[in-house]
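Report on the following structure.
Chains as they are written, first to last, in this note's numbering: chain A, 113 to 359; chain B, -2 to 239.
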């Protein structure tokens, strides 16, 4: 019992404040990688749906590799692999170097590429499921190929796949905890630090669990709201109240 | 180990090269993944059963299980369950007087149970959806024939729900093989990623070995995808393709 209370006191006075201070790092990892990954996913999905083998084969391989290997090994490959090769190249003396000395940017790089693979596949399905009649309608209006893509196909594909894309961001938020394995001081990294300082196993883990749970909950809420806002024309009416006088 | 070895020396089989370590790691990863998957399937069946039981307390417990586990990062849960599991097992064994204070809990079993418990939560949702997709009339017909629960489950519910569960379970299998790599953070089992990291650290050829390790994981994935397509075809025999 005394042990338990002691652990609780440690959690409240030491662990939680330190873990809360790490939230911005986790959020930055998620939002920056999410933004870059989603932007990269677009050309990948377009290439994947192309009929030209020079485009769809590389896109297919990219998606297969990103979805077919563990994120952790991708992270290690980029951090340890590229991290050990880059200092011998031109990068050492370029403007990129200040960024590439920090594990944080390697993590962002790895997470962006990974999310791009997963979201690329989601968008591919979306692009393929746009109703044909809508594209024909665009053509009937005299729109050119690109205009149809920007005004009809793409917005429609994104809306169709919005729930899956939103889900992907939440998975990314959870996956950023892997950055702790390459010394990034996010929530999970801070937990490792607290463990090393105090040799307490459970208090830092429980603190981190509480914070991740709240973050995931809030993310789900906000993203669901965004989803509903963007898809509001597609929602079924909740209830139709007939005006009085209609039989 | 000499850091200036050639590629072929590094990949040779035996004490000069790393092929044997990597292949053992690959084999251990496959074994671990299969065990995690089976444990996860059991937890998933129990979880889905609880969520569909109609008993309020059981439904609540099943709900908390699947929601809480799916909302937290796997890495964090692995630490939490691994430490809590080994601590609990140790205190039970010591408390019952079966083992002394210096008892070591099997790392393989602890890691498998921890990840199996996590995957059980994902499996719960897949199986719950699959059970709900089986037409209710089928169960009622089985009941009308006087089949008891075990028979009803074995002959009617299970074969039909597996058809619906296949897609989700296939994805979960792929995720299991990939998430088994998380075990590297525990540092207690020489599975594929651990073996890869050891090889990379010893030779300093990080990019090379993580590339090779990635290829081996890709091998598991691609093989699994081919087998999955076959199983799906088998389960869908007797149903016309729409």
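Just so it is clear, CB atoms sit at the ideal spot from N, CA and C, and this is done for glycine as well.
The alpha helix (DSSP H) enclosing residue i, as first and last residue numbers
i: residue 122 of chain A; result: 114 to 122
i: residue 273 of chain A; result: 266 to 287
i: residue 264 of chain B; result: What is shown of chain B runs -2 to 239, which leaves residue 264 of chain B out entirely.
i: residue 225 of chain B; result: 203 to 232
i: residue 98 of chain B; result: Run containing residue 98 of chain B: none; DSSP gives neither H nor E here.
i: residue 168 of chain B; result: 155 to 176
i: residue 193 of chain B; result: 189 to 200
i: residue 185 of chain A; result: 183 to 188
i: residue 226 of chain A; result: 215 to 240
i: residue 261 of chain A; result: Looking at the DSSP string, residue 261 of chain A is not in any alpha helix (DSSP H), and its letter there is neither H nor E.
i: residue 326 of chain A; result: 314 to 342
i: residue 76 of chain B; result: 71 to 92
i: residue 121 of chain B; result: 104 to 130
i: residue 168 of chain A; result: 165 to 180
i: residue 134 of chain B; result: 133 to 141
i: residue 309 of chain A; result: 299 to 310
i: residue 211 of chain A; result: 209 to 212
i: residue 160 of chain A; result: 135 to 161
i: residue 249 of chain A; result: 244 to 252
i: residue 291 of chain A; result: It is not in any alpha helix (DSSP H) - residue 291 of chain A carries neither H nor E in the DSSP assignment.
Chain-ordered chain B contacts of residue i [CB-CB under 8 Å]
i: residue 185 of chain A; result: 178, 190, 193, 207, 210, 211 and 214
i: residue 317 of chain A; result: 73, 76, 77 and 80
i: residue 300 of chain A; result: 70, 72 and 73
Residue from the options with nearest C-alpha to residue i
i: residue 68 of chain B; options: A:344, A:326, A:340 and A:300; result: A:326
i: residue 303 of chain A; options: A:126, A:121, A:176 and A:117; result: A:126
i: residue 171 of chain B; options: B:27, B:15 and B:16; result: B:27
i: residue 33 of chain B; options: B:225, B:123, B:84 and B:175; result: B:175
i: residue 76 of chain B; options: B:15, B:185 and B:201; result: B:185
i: residue 216 of chain A; options: A:313, A:297 and A:331; result: A:297
i: residue 158 of chain A; options: A:177, A:141 and A:238; result: A:238
i: residue 149 of chain A; options: A:170, A:234, A:166 and A:136; result: A:234
i: residue 306 of chain A; options: A:123, A:116 and A:225; result: A:123
i: residue 30 of chain B; options: B:84, B:169 and B:65; result: B:169
i: residue 10 of chain B; options: B:232, B:228 and B:196; result: B:196
i: residue 222 of chain B; options: B:152, B:70, B:54 and B:166; result: B:166
i: residue 222 of chain A; options: A:309, A:184 and A:336; result: A:184
i: residue 190 of chain A; options: B:211, B:220 and B:215; result: B:211
i: residue 243 of chain A; options: A:196, A:272 and A:343; result: A:272
i: residue 313 of chain A; options: B:73, B:234, B:3 and B:8; result: B:73
i: residue 266 of chain A; options: A:253, A:247 and A:278; result: A:247
i: residue 136 of chain A; options: A:194, A:270 and A:300; result: A:300
i: residue 236 of chain B; options: B:199, B:58, B:188 and B:160; result: B:160
beta-carbon residue i near the ligand COA non-hydrogen atom, thresh 7 Å
i: residue 314 of chain A; result: In the structure shown, the ligand COA is absent, as is every other ligand, since no ligand is present at all.
Partner residues on chain A for residue i, Cβ-Cβ distance less than 9 Å
i: residue 218 of chain B; result: 176, 179, 180 and 181
i: residue 203 of chain B; result: 188, 189, 191, 192, 193, 194, 195, 196 and 197
i: residue 230 of chain B; result: Those within 9 Å of residue 230 of chain B in chain A number zero; the least Cβ separation is about 21 Å.
Interface residues of chain A facing residue i [CB-CB closer than 8 Å]
i: residue 133 of chain B; result: Ordered by position in chain A, no residue passes the 8 Å Cβ test against residue 133 of chain B, which lies about 24 Å from the chain.
i: residue 69 of chain B; result: 286, 321, 324, 325 and 328
i: residue 48 of chain B; result: By Cβ distance, chain A contributes nothing, its closest Cβ being about 19 Å from residue 48 of chain B, past 8 Å.
Proximal chain B residues relative to residue i, where beta-carbon distance stays under 9 Å
i: residue 126 of chain A; result: Going along chain B, no residue has its Cβ under 9 Å from residue 126 of chain A, so there is no contact; the nearest lies around 18 Å.
Proximal chain B residues relative to residue i, where beta-carbon distance stays under 7 Å
i: residue 363 of chain A; result: Chain A is shown only over 113 to 359; residue 363 of chain A falls outside these bounds and no answer can be derived.
i: residue 265 of chain A; result: Neighbours of residue 265 of chain A on chain B: none; closest Cβ ~25 Å, over 7 Å.
i: residue 313 of chain A; result: 80
Proximal chain A residues relative to residue i, where beta-carbon distance stays under 7 Å
i: residue 96 of chain B; result: What residue 96 of chain B touches in chain A: nothing, since even the nearest Cβ is about 21 Å away.
i: residue 182 of chain B; result: 293
i: residue 197 of chain B; result: 192
Using 8 Å as the cut-off, can you tell me whether the stretch 146 to 154 of chain A makes contact with the stretch 132 to 146 of chain B, which would need three or more C-beta pairs spanning the two stretches below that distance? no
For the pair the stretch 205 to 225 of chain B and the stretch 196 to 213 of chain A, tell me if three or more CB-CB distances fall below 8 Å. no
Any chance the stretch 129 to 145 of chain A sits against the stretch 201 to 208 of chain A, with 3 or more Cβ pairs inside 8 Å? no
Cβ contact (3+ pairs, closer than 8 Å) linking the stretch 176 to 189 of chain A and the stretch 221 to 229 of chain A: yes
Quick check: the stretch 149 to 163 of chain B against the stretch 73 to 92 of chain B, are there 3 or more CB pairs under 8 Å? no
Stretch-stretch touch, CB-based, cutoff 8 Å, three pairs: the stretch 12 to 19 of chain B with the stretch 81 to 99 of chain B: no
Indicate whether the contact test is met: 3 or more Cβ pairs, each with one atom in the stretch 35 to 45 of chain B and one in the stretch 277 to 289 of chain A, closer than 8 Å. no
Check whether the stretch 37 to 49 of chain B touches the stretch 119 to 134 of chain B, taking contact to mean three or more Cβ pairs, one atom from each stretch, closer than 8 Å. yes
Contact the stretch 245 to 262 of chain A vs the stretch 271 to 283 of chain A: 3+ CB pairs below 8 Å: no
Determine contact between the stretch 177 to 192 of chain B and the stretch 102 to 109 of chain B, defined as no fewer than three beta-carbon pairs at a distance below 8 Å. yes
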